[in-house]
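In my numbering, the protein residues as written are 203 to 312. Beta carbons: idealized from backbone N, C-alpha and C, even for Gly. Keep in mind the model is a prediction, meaning the values are calculated, not measured.
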């Protein structure tokens with residue numbers, strides 16, 4: 203099983219999800235750590251190669267966990283947020299892209 207590494211404030215952000223969404227996010231990330239695909243996801247090629255988005259919906263709203271699992275040593279969680287519009291906001295995409303770029307450049311140390 204791969205290590206799970208949260209970058210930036212992503213762990214605090216997922217902790218701020220409502221209980222049901224937080225529980226689902228944890229279960230989906232466990233699947234990814236074990237080498238399986240999440241139940242509901244899509245690739246996020248605009249952020250970087252190998253980046254994917256876990257999609258969580260419940261009665262309180264829509265939530266997203268953006269991660270990359272292509273590296274041998276760990277699953278990196280780039281960003282977690284509540285989705286408030288049909289299209290993912292430019293702010294959320296830019297933050298995820300910046301964290302991915304920093305990860306690839308070795309700025310985030312484990």
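| query | result |
| --- | --- |
| Three-pair Cβ contact test at 8 Å for the region 280 to 292 versus the region 256 to 272 | yes |
| 6 Å CB neighbourhood of residue 256 in its chain, flanking five on each side removed | 230, 240, 243 and 267 |
| Helix, strand or coil at residue 307 according to DSSP, with G and I counted as helix | coil |
| Outcome for residue 273 when other beta-carbon atoms lying within 10 angstroms are tallied against a minimum of 16 | exposed |
| Residue 263 in three-state terms, based on DSSP | strand |
| Three-state secondary structure (DSSP) of residue 204 | coil |
| Span separating the alpha-carbon of residue 276 from that of residue 210 | 15 Å |
| Span separating the alpha-carbon of residue 251 from that of residue 219 | 27 Å |
| Residue burial classification, residue 221 (beta-carbon count within 10 angstroms, cutoff 16) | exposed |
| Selected residue, minimal CA-CA separation from residue 253, among 290, 206 and 271 | 271 |
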